Every structure is written in structure tokens, then in C-alpha cells.
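Q:
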Amino acid sequence: MQVIGLHTRLKPGLEAEYERIHAKLSPEHEQALRASGVHSWHIWRDGLDLFHTVVCDDWVGMESAMAELELTERWHQVIHPLLDMAVSQRGPLPLVWQLP
Numbered sequence: 001m002q003v004i005g006l007h008t009r010l011k012p013g014l015e016a017e018y019e020r021i022h023a024k025l026s027p028e029h030e031q032a033l034r035a036s037g038v039h040s041w042h043i044w045r046d047g048l049d050l051f052h053t054v055v056c057d058d059w060v061g062m063e064s065a066m067a068e069l070e071l072t073e074r075w076h077q078v079i080h081p082l083l084d085m086a087v088s089q090r091g092p093l094p095l096v097w098q099l100p
């Protein structure tokens, strides 16, 4: 089991739209994430900054499985225009410390 931290940043003025989209993720999307090994995914927002915690069996395997789905392409078409992709972390954040 892996716990992954991610950071993404919204473009200014798109906070409400981002939250609206995430208020009800489609059952198809939830099912695909679970089938790819995701146990939980939390997102916190501080202004424009989004911090994600993902608990999954295998991050690389999950990304690979999700990349094969047409659903993922549709999701990227919706979500990427809301994100400042130049600032958003492209992969897991390095772990600095954890309470054992």
C-alpha cells in the first residue's frame, strides 16, 4: 500500500468550478479509480493550491491502468483547463517526514 502526496494549482477565479466538478464524481470514474487500486483520494484547497493524498496499491500501476481508459482523456479535457499546469506537480511529492 502506498500513500502519495500531490500538489496542483488552480487558475485564478476557477475555484468554484473545480469544487462543483468534484462535488459529484461520476460512478464510472469512482469505479475506475477503485478498479485501478485506489483506496482513497482526498483533496484539500488553500486558495489556489490543491493538496491531494492518495492511498493506493501501486501509484505507477494505477496511473498506467487509468491512462488506458477513454474516461481519463475526457476527465483531462474537463479538469486541465482549470489547472495551472506549469506550477502543478507532475508526480508524487517527495516524503519529508512521517509519524511512525
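By UniProt numbering, the letter at position 28 of the sequence shown is numbered 28, and the numbering carries on one by one without gaps. The beta carbon of each residue, even a glycine, is placed where N, CA and C say it ideally should be. Just so it is clear, the structure is predicted and the values come from calculations on it, not from any experiment.
Does the pairing of the segment 74-81 with the segment 36-49 give three or more beta-carbon distances under 8 Å?
A: These segments do not touch.
Q: May I ask you to report which of helix, strand or coil DSSP gives Val87?
A: The answer is coil: DSSP assigns Val87 none of H, G, I, E or B.
Q: Going by alpha carbons, who is nearest to Met1 out of Trp97, Pro100, Trp59, Pro92?
A: Trp59
Q: Comparing alpha-carbon positions, which option in Ala67, Leu95, Gln89, Cys56 lies nearest residue 102?
A: Because the chain spans 1 through 100 in this model, residue 102 falls outside it and cannot be assessed.
Q: Between which two residues does the beta strand (DSSP E) carrying Ser40 extend?
A: 38-46
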